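Numbering (this note's numbering), first residue to last: 2 to 185. Yeah, the Cβ is synthetic: ideal placement off N, Cα and C, and Gly gets one too. Keep in mind it's a predicted model, so treat the numbers as computed, not measured. So the structure is just underneath, and the comments pick up after that.
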């Protein structure tokens, strides 16, 4: 019995050692499993953060794309509006140019029939006979212009001009007299 007990002891110690080594292996595997789970959790966090950053970048890109498309549409509408304004202004310019050409044509036709005469007075010491011929030529000129022009020319009386000149000289003389009288 001693022998059988020793064999049993031996068998039990070997089984105990096997269980101890199995327990150590199990603890090592549990430790490795915990490490792998931690690494897996960290990797999952990194992946989720990357996904979030990718989503936020896509959202930013989409918002920038949408805003740039809106800006492009607004610029296109503005350019279309400006083009229509340009076309309208071109049409107005063409109509005004055509109208001006018609007006220029009318004024040129009207001006062809209008004669101008000089108001310069010439001093001729030759005598009264020369003067009478001048009066006759002046009387003939209005007849020519009235036939070609639609409006009769406005003539001023030469006596009124001389009275205006005389009044102007008198007024200036009075002003100088008053001014110099106060001064000296």
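To the nearest angstrom, how far is the alpha carbon of residue 150 from that of residue 163?
To locate residue 150, count along the chain shown from 1; it is residue 149. To locate residue 163, count along the chain shown from 1; it is residue 162. At residue 150 the pLDDT is 48, less than 50, meaning the model places this residue with poor confidence and gives no usable figure here.
Distance, Cα to Cα, residue 13 vs residue 36?
Taking the chain shown and counting its residues from 1, the one referred to as residue 13 is at position 12. Taking the chain shown and counting its residues from 1, the one referred to as residue 36 is at position 35. Computed Cα separation, rounded: 34 Å.
Quick one: grab the DSSP three-state call for residue 158.
Sequence index remark: in the chain shown, residue 158 carries index 157 (1-based). The answer is coil: DSSP assigns residue 158 none of H, G, I, E or B.
Return the CA-CA distance between residue 147 and residue 95, expressed in angstroms with no decimal places.
Here the question's residue 147 lines up with position 146 in the chain shown. Here the question's residue 95 lines up with position 94 in the chain shown. Residue confidence for residue 147 is low, a pLDDT of 46 falling below 50, so the modelled location carries little weight and cannot support an answer.
Expressed to the nearest angstrom, what Euclidean distance is found between the alpha-carbon atoms of residue 88 and residue 62?
Taking the first residue of the chain shown as position 1, residue 88 is located at position 87. Taking the first residue of the chain shown as position 1, residue 62 is located at position 61. Going by the C-alpha atoms only, they are around 38 Å apart.
Backbone CA spacing between residue 23 and residue 6 [nearest angstrom]
In the chain shown, the residue the question calls residue 23 occupies position 22. In the chain shown, the residue the question calls residue 6 occupies position 5. So the alpha carbons of these two residues sit roughly 25 Å apart.
Could you give the distance in angstroms between the alpha-carbon of residue 11 and the alpha-carbon of residue 4?
By one-based count along the chain shown, residue 11 stands at place 10. By one-based count along the chain shown, residue 4 stands at place 3. So the two alpha carbons sit approximately 10 Å from each other.
Output the distance between the C-alpha atoms of residue 68 and residue 77, rounded to the nearest integer angstrom.
Indexing the chain shown from 1 puts residue 68 at position 67. Indexing the chain shown from 1 puts residue 77 at position 76. Cα to Cα, the separation comes out at about 14 Å.
Please report the straight-line C-alpha distance between residue 19 and residue 34, rounded to a whole angstrom.
Position 18 of the chain shown, counting from 1, holds the residue named residue 19. Position 33 of the chain shown, counting from 1, holds the residue named residue 34. Distance between the alpha carbons of residue 19 and residue 34 is about 22 Å.
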